[in-house]
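Heads up, my numbering is the position in the sequence shown plus 20, with the first residue counted as 1.
These notes concern the structure reproduced below.
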Amino acid sequence: MEEQPMASTQDMGGNDTPNRDANQLVLEHIELVSQLVQQMAASYPRHVDRGELWSAGVLGLVEASRRFDPAMGISFPRYAAIRIRGAIIDSTRSRDWASRRVRWQVRELETAEATMRAQGAVPTEEDLARLLGCSVDRVRELRAQAQSAALLSLEWTADDDGEALANRIEETNTADLPEESLEEDELMGTISTAIRHLPPIQREVIERYYLKEEMLADIAADLGVTVARTSQIRSEAINAIRAYLANLYQGVPEVPQGAPGHQMRAQYLADLAAHSTWRTRLEAGTRAARAVS
21 MEEQPMASTQ DMGGNDTPNR DANQLVLEHI ELVSQLVQQM AASYPRHVDR GELWSAGVLG
81 LVEASRRFDP AMGISFPRYA AIRIRGAIID STRSRDWASR RVRWQVRELE TAEATMRAQG
141 AVPTEEDLAR LLGCSVDRVR ELRAQAQSAA LLSLEWTADD DGEALANRIE ETNTADLPEE
201 SLEEDELMGT ISTAIRHLPP IQREVIERYY LKEEMLADIA ADLGVTVART SQIRSEAINA
261 IRAYLANLYQ GVPEVPQGAP GHQMRAQYLA DLAAHSTWRT RLEAGTRAAR AVS
């Protein structure tokens, strides 16, 4: 049976089970939105409507429920938290500085840069223009707009006394944050490293399906294979990544020995063992985090 992305309903032949599953995830984790809004609200001025932050977070949770794939071996709450935070940040970036279309283009630019950096490449303006299908001048404009948005967020007053948010950053209580930050950076670096070491065709399928959110049918057409074969390639790549994560983290399900691609996974894990350390994973994650910050 051909596998289709959870987010797509038009190709499911009327089967609403994925929708029901996604709705159940939303209902079970709605409190996570409130928790994250409470954590993040302290970083925003008092005049920012907490209700708007919550609404943005809910949209992020819904998106997470539709895109989540348990085969990656990462828990849904952790995956959802990334999406929820991103949705809240995007909602605040939208204030007073750009149209919806420009915000979307800036996000696409940031995603393209992060993807190339995660692959170990240093993206040039020409690379980004080619990837986004626009001119180099347009890439420069989007970068300038993104910088303006970042500056604006630091210029917002953080309290009724007019103290700038930038002046309050050093006063934020970060006693519990360094360990969590290192853990998140190392996980991001681990996944980036795992994708980078996949065989080329598996790497292409994973990057296009998960990072660029393309349909399996479109990827299959470009590769000149069937959707079923593309789905199999994706599954074998996911099993390889999951096997790597299982070697590093407790709680990640082991890949059954009889799963397709056993010989390839063994070589893949040996290659990663020879070229990947905690420090290199952390450095890769830190670079990726800086690229999207």
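Note that CB positions come from ideal geometry on N, CA and C, so glycine has one too.
On a predicted model such as this, the values are computed, not experimentally measured, just so you know.
Three-way DSSP call (helix, strand, coil) for residue 217 in this model: coil
Start-to-end residues for the alpha helix (DSSP H) that takes in residue 70: 70-87
Residue from 130, 138 and 111 whose Cα sits closest to the Cα of residue 145: 130
Close beta carbons around residue 261, own chain, < 6 Å, minus the five adjacent residues each side: 214
Under the three-state DSSP convention, the category residue 276 falls into: coil
Distance between residue 225 and residue 243 (C-alpha atoms, nearest Å): 9 Å
Between the CA atoms of residue 236 and residue 147 - distance to the nearest angstrom: 25 Å
Neighbour flag for residue 250 against chain D, beta carbons, 9 Å: Checking the listed chains, one finds no chain D in this structure; it contains a single protein chain.
Between the CA atoms of residue 93 and residue 137 - distance to the nearest angstrom: 23 Å
Between the CA atoms of residue 84 and residue 72 - distance to the nearest angstrom: 18 Å
Nearest candidate by alpha-carbon position, reference residue 275, set 91, 61 and 46: 91
Residue 61 versus 227, 219, 108 and 222, residue with shortest Cα-Cα distance: 108
Cβ-based burial, residue 142 [other Cβ within 10 Å; buried from 16]: exposed
Residue 157 to residue 239 span [Cα, whole Å]: 29 Å
Beta-carbon separation (whole angstroms), residue 104 vs residue 52, contact threshold 8 Å: 7 Å
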